[in-house]
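Trainee: Pasting a structure below so you can have a look.
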Amino acid sequence: MNEEAKPLIYIVDDDPSIRDMIELMVDSVGYDYQSFADASEFLEAYQDVHGCLLLDIRMPGMSGMMLQERLNEQRCIMPIIFITGHGDITMAVEAMQRGAFDFMEKPFREFDLLSKIEKALELDEQNRVDLTMKQEICERIESLTKREKEVMELVAQGKANKVIAIDLNIAQGTVEIHRSRIMSKMKARSLAHLMRMLMVAGELDNSI
């Protein structure tokens with residue numbers, strides 16, 4: 001592994017025993033890590049670097065899902081692996097639908113967690129490579145039809161499919177088809193990834 005590109009593992013869990021266990025796991029395979037007892041503490045220290053986030057889904061104050069929402073608003077593409085307790089599976093599935101990479105149910109095996117971390121880091125590295133390819137991103141945008149560009153602009157404004165359909169006077173099902181084609185042509189893995197690519201290409205203001 002290139003030392004300069006060494007990934008950082010963020011650990012956010014209010015249970016010190018869980019934090020200690022994960023710290024030992026990631027340290028045993030040579031990963032750098034930063035560990036936090038709550039989401040607010042993490043946000044104060046967070047930097048957008050190559051890595052992944054191991055995040056407890058239930059915490060006092062700001063929950064894991066609330067933190068995920070905050071990071072999505074910041075166009076964070078760092079993969080999130082949620083750590084869930086018994087009975088949190090429904091929440092974990094919802095978090096996946098919002099763009100989380102994966103989840104682990106307590107108690108978990110060291111091999112399983114390290115395997116998910118490795119895959120998350122591979123995804124994050126590829127995402128970051130993609131985002132540096134401004135010329136290629138611009139070419140992807142140019143491959144879109146005029147209608148697809150119109151839909152993408154409205155998607156970037158955060159409008160729902162139903163609203164986009166009304167704005168463009170087309171069927172909602174047509175909007176869904178356009179969105180699917182946009183994600184495919186742009187090679188976007190999530191809405192946040194698409195937004196970040198648009199920012200890199202200068203098509204979207206960072207303040208949006």
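Residue numbers (the UniProt record's numbering): 1 to 208.
From the three backbone atoms N, C-alpha and C, an ideal C-beta is built for every residue, glycine too.
#1: For methionine 197, which residues from the same chain have a beta carbon less than 6 Å from its beta carbon, with the 5 sequence-adjacent residues on both sides left out?
#2: Go through its chain and collect everything with a Cβ distance to methionine 59's Cβ below 8 Å, but skip five positions before and after it.
#3: Give the list of continuous alpha helix (DSSP H) stretches no shorter than 4 residues that lie fully inside the region 25-95.
#4: Who are the Cβ neighbours of phenylalanine 42 in its own chain at under 6 Å, not counting the five residues just before and after it?
#5: Bridge partners of leucine 8, per DSSP?
#6: Output the boundary residues of the beta strand (DSSP E) element that contains phenylalanine 103.
#7: Within this structure, are the beta carbons of methionine 152 and arginine 75 separated by less than 8 Å?
#8: Have a look at Glu122, Met25, Lys146, Ala92 and flag the residue whose alpha-carbon is nearest the alpha-carbon of proline 79.
#9: If I measure Cβ to Cβ from glutamate 139 and keep anything under 7 Å in the same chain, skipping five residues before and after, which residues do I get?
#10: Once you ignore the five residues that flank glycine 85 on each side, which residues in its own chain have a CB closer than 8 Å to its CB?
#11: Determine the closest residue to valine 29 out of Ser17, Asn72, Ile117, Gly64, with distance taken between C-alpha atoms.
#12: In terms of residue numbering, what span does the alpha helix (DSSP H) encompassing threonine 174 cover?
#13: Quick check on arginine 19: does DSSP put it in helix, strand or coil?
#14: If you check the beta carbons only, do aspartate 32 and lysine 6 fall under 8 Å apart?
#15: Might you give, ordered along the chain, the residues of its own chain that have their beta carbon closer than 8 Å to the beta carbon of glutamate 23, omitting 5 neighbours on each side?
#16: Specify the secondary structure class of arginine 140 as computed by DSSP and reduced to three states.
#17: With DSSP collapsed to three states, give me the class of glutamate 110.
#18: Is it buried or exposed, glycine 61, if we count other Cβ atoms within 10 angstroms and call 16 or more buried?
#19: Alpha carbons only, please: which of Ile141, Arg181, Met65, Arg109 is nearest the one belonging to valine 200?
Mentor: The relevant details are as follows:
#1: Ile137
#2: Val12, Asp13, Asp14, Asp38, Ala39
#3: 39-45, 64-73
#4: Val12, Phe36
#5: Asp32, Gly51
#6: 102-105
#7: no
#8: Glu122
#9: none
#10: Ile57, Arg58, Glu105, Lys106
#11: Ile117
#12: 172-186
#13: helix
#14: yes
#15: Ile11, Tyr33, Ser35
#16: helix
#17: helix
#18: exposed
#19: Ile141
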